[in-house]
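Chemist: Sequential numbering from 0 applies to the sequence shown in numbering that gives the first Met the number 0.
Using N, Cα and C, we set each Cβ at its ideal position, and we do this for glycine too.
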Amino acid sequence: MENTSSWFPKAAGAQKILQAGVYTAELKSVNPGKGKGYQKGEETRDTLMFSFQEATTGAVINRTVSATTSEKSQLVALVRSMSGISAPTIEIIRDPLAFEKFIAAMVGKKYLIQVEPSRDGRFNNLITSFPAPTPL
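Written out as structure tokens, the structure is:
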């Protein structure tokens, strides 16, 4: 008898998994949190979770990054790619209140996001994002 059960049973409200591709999505929220340290014994670190909702299927795509504002951090790279031409200046990035306000202003806007399923097929991985084009 063939086993038809999944390795990861679908729970009520399970996440919709998208095919690899580019989708239009709205940034629904940016929430602070705590993440595990990178190495054994390392303390938790502050994180930010960007939560997008895909326009046609309603699938939720989350991207969690460390809440560090060094120029080479994933947070700064993500915010710059999402900002397009209006990317934040170094002065805004270095000022915590100005950078927080800049990120808050991004919520509710539409973006083109490149997504692929995770290796185990349980999550949508956000590869990159860009501002969605606006009709002329």
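By alpha-carbon positions, which one of S69, F49, A66, F101 ends up nearest to T127?
Modeler: Residue numbering aside, residue 127 sits at position 128 when the sequence shown is read from its first letter. Of the candidates S69, F49, A66, F101, the one whose C-alpha sits nearest the C-alpha of T127 is F49.
Chemist: Starting from the Cα of F98, find the closest Cα among V114, V21, S117, E70 and give me that residue.
Modeler: What you label residue 98 is simply residue 99 of the sequence shown in a count that begins at 1. Nearest C-alpha to F98: E70.
Chemist: Using C-beta distances below 7 Å, list every residue in its chain close to E1, excluding the 5 sequence neighbours before and after it, in chain order.
Modeler: Walking along the sequence shown from the start, residue 1 turns up at place 2. Unreliable positioning characterises E1 in this predicted model, as indicated by a pLDDT of 39, which lies under 50. The coordinate reading is nonetheless provided below. Excluding sequence neighbours, E1 sits near nothing in its chain.
Chemist: Looking only at DSSP bridge pairs, what is Q73 linked to?
Modeler: The residue you call residue 73 lines up with position 74 of the sequence shown. Looking at the DSSP assignment, Q73 forms no beta bridge with any residue, so it has no partner.
Chemist: For S117, which of helix, strand or coil comes out of DSSP?
Modeler: Reading the sequence shown from its first residue, position 118 is the one you call residue 117. Correct three-state label for S117: coil.
Chemist: Could you tell me which residues DSSP pairs with E42 in its beta bridges?
Modeler: The sequence position of residue 42 within the sequence shown is 43, counting from 1. According to DSSP, E42 bridges with nothing at all.
Chemist: Using the beta-carbon count (16 or more within 10 Å), is V106 buried or exposed?
Modeler: For the purposes of this step, residue 106 is taken as residue 107 along the sequence shown, with counting starting at 1. The residue in question, V106, is exposed, as its Cβ has fewer than 16 Cβ neighbours within 10 Å.
Chemist: Does the Cβ of A104 have 16 or more other Cβ atoms within 10 Å, making it buried, or fewer, making it exposed?
Modeler: For the purposes of this step, residue 104 is taken as residue 105 along the sequence shown, with counting starting at 1. So A104 ends up on the exposed side.
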